[in-house]
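The UniProt record's numbering puts the sequence shown at residues 1 to 422. Glycine is no exception: its CB is placed at the ideal position from the N, C-alpha and C atoms. All values reported here derive from a predicted model rather than from experimental measurement. Accompanying notes for the structure given below.
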Amino acid sequence: MGNLRRCVSLFVRLREDGLSPDNFTFPFVLKAIGCSKMVLEGKKIHGLIVKTGFEFVSFVRNSLMDMYTEMGDVETLRFLFEENPERDLVCWNFLVSGYVRCGKFEDALVIYRKMREESGFKPDEATLVSTLSACAALRNLELAMINGYVQFNQIDEALSLFNEMQTRGLKPDGFTVVALLTGCAQLGALEQGRWIHGYIEDHNIRMDAVVDNKALELFSEMKLAGVKPDDITFIGVLSACNHAHMVDEGRSYFESMKTIYQIEPKLEHYGCLVDLLGRAGKISEAEDIVEKIPNIDNVDDLLPLWGSLLGACKIHGNVETSERIAKRLSAKESNSSGILTLLANIYAAAERWEDVNRVRRKMKSLGVQKLPGCSSIELNGVVHEFHVGGSSHPEISNIYSLLNDMSRVMFSSEENLRSIKT
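Rendered as structure tokens:
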């Protein structure tokens with residue numbers, strides 16, 4: 001911090017001596033001001049840049065964007081981008097990275113898509129790092145960009161990005177190929193699935209807990225090298241602990257955020273820890289953590305965490321805690337279909353059918369509807385979707401006719417077997 005302030009002081013002396021800063025001077029002083037969070041000095045330097053005509057020099061403007069990112073001023077960051085008449089790839093990358101560093105993960109992905117659609121630039125390694133971090137934060141997983149495409153059944157886009165990674169010499173890890181295989185399985189895309197499986201065998205990719213351990217090893221190497229982790233780093237670390245079922249380590253890393261690195265945990269970090277504890281059966285501890293999360297103005301922000309806790313209750317058969325959570329959410333007027341459906345399933349697993357009916361009646365009275373189930377299958381390169389109770393498929397009549405024929409054959413076979421036994 002001392003060197004940063006000396007840099008700013010030297011800049012002041014430079015001007016006092018009558019020397020004029022140029023496009024090589026400003027980036028250094030802007031970096032120093034941004035890292036030191038010197039907001040007033042930053043605005044003064046910004047005014048000087050405009051006054052001296054360096055505002056639209058690419059190197060200087062990108063440094064301005066970086067300074068406002070360090071200060072957390074997203075509005076000015078976006079303004080500088082929008083007012084830039086010549087947006088190069090570096091400028092786009094600064095905006096995407098700025099949103100990620102300021103915790104605006106959804107906005108970062110929106111900008112990424114806009115860049116792909118409007119600018120004609122192809123993402124480079126810097127773009128991919130930022131977008132991967134945004135996806136990881138939003139999904140609480142390390143599967144990142146490809147996993148994001150898979151989650152939205154955009155397998156073609158996922159495969160396209162996968163191929164792009166290979167052309168750039170980026171070797172995919174186990175998480176990447178597992179995400180692709182998962183997407184192919186969900187869609188019944190057999191041809192793409194066979195191709196991914198062949199790639200795994202050809203490149204001897206191991207898909208096990210080694211990947212999680214490697215992530216934690218890299219984190220240890222970062223600490224030894226003196227590199228300070230940020231909040232994005234800890235999302236990856238906590239997710240790795242979750243995948244590897246490393247409860248004690250996960251607790252320790254979470255606590256170190258505040259005690260060692262002075263990083264205030266966000267909902268994403270709490271979500272990782274709650275999910276880790278819930279899966280390990282430590283439901284009371286997880287519930288206590290959710291109740292004590294500070295600075296939450298909107299109760300709906302906690303719904304994913306309560307949902308994760310309810311999921312853990314279902315896994316471990318903890319009906320008592322699930323009822324307590326349900327009452328808490330009812331008091332806060334939560335009408336989430338996912339929460340209510342999960343509660344009904346917990347009651348069903350415990351064979352408490354009256355409670356199941358009560359929850360379903362509540363869903364009906366509130367107008368809450370469960371999204372219908374959907375299955376997909378690929379046939380001759382075309383993906384066909386079927387919804388529960390749906391009749392929109394163009395071949396639905398032929399499908400039902402064939403099912404009826406199959407049912408009659410099966411019923412007839414059962415009757416013949418019974419007659420033989422008697």
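Residue i to residue j span [Cα, whole Å]
i, j, result
"Phe-105", "Val-90", "19 Å"
"Pro-304", "Thr-341", "14 Å"
"Thr-52", "Met-115", "30 Å"
"Lys-44", "Met-71", "14 Å"
"Glu-333", "Leu-366", "Any reading at Glu-333 needs caution, since the residue's pLDDT is 45, under 50, leaving its predicted position unreliable; the model's value is listed next. Computed Cα separation, rounded: 10 Å."
"Val-237", "Ser-252", "11 Å"
"Gln-262", "Ile-289", "19 Å"
"Arg-113", "Lys-122", "11 Å"
"Glu-41", "Asp-73", "14 Å"
"Ser-392", "Arg-87", "45 Å"
"Met-406", "Ile-396", "15 Å"
"Glu-285", "Asn-3", "44 Å"
"Phe-28", "Gly-226", "22 Å"
"Phe-26", "Arg-101", "22 Å"
"Cys-7", "Val-96", "28 Å"
"Ser-220", "Tyr-270", "21 Å"
"Glu-83", "Ser-133", "26 Å"
N- and C-terminal bounds of the alpha helix (DSSP H) containing residue i
i, result
"Glu-291", "283-291"
"His-316", "303-316"
"His-269", "267-279"
"Arg-78", "74-82"
"His-243", "231-243"
"Glu-255", "247-259"
Local conformation of residue i per DSSP, three classes
i, result
"Glu-323", "helix"
"Leu-402", "helix"
"Glu-86", "coil"
"Ser-407", "helix"
"Glu-351", "coil"
"Gly-198", "helix"
"Ser-365", "helix"
"Val-227", "coil"
"Asn-295", "coil"
"Met-65", "helix"
"Ser-220", "helix"
"Ser-160", "helix"
"Asn-392", "The sequence shown places Ser at residue 392, not Asn. Three-state DSSP puts Ser-392 in coil, outside helix and strand."
"Glu-264", "coil"
According to DSSP, residues forming a beta bridge with residue i
i, result
"Phe-94", "BP columns for Phe-94 are empty, so no partner."
"Phe-386", "Ser-375"
Closer than 8 Å to chain D by CB, residue i
i, result
"Glu-351", "Absent from the structure is chain D; it holds one protein chain and no more."
TODO: At 4 residues or longer, and completely inside the segment 6-58: list those alpha helix (DSSP H) runs for me, N to C.
DONE: 26-36 and 39-52
Task: 4 or more residues per run - each alpha helix (DSSP H) lying fully within the segment 111-136 - done: none
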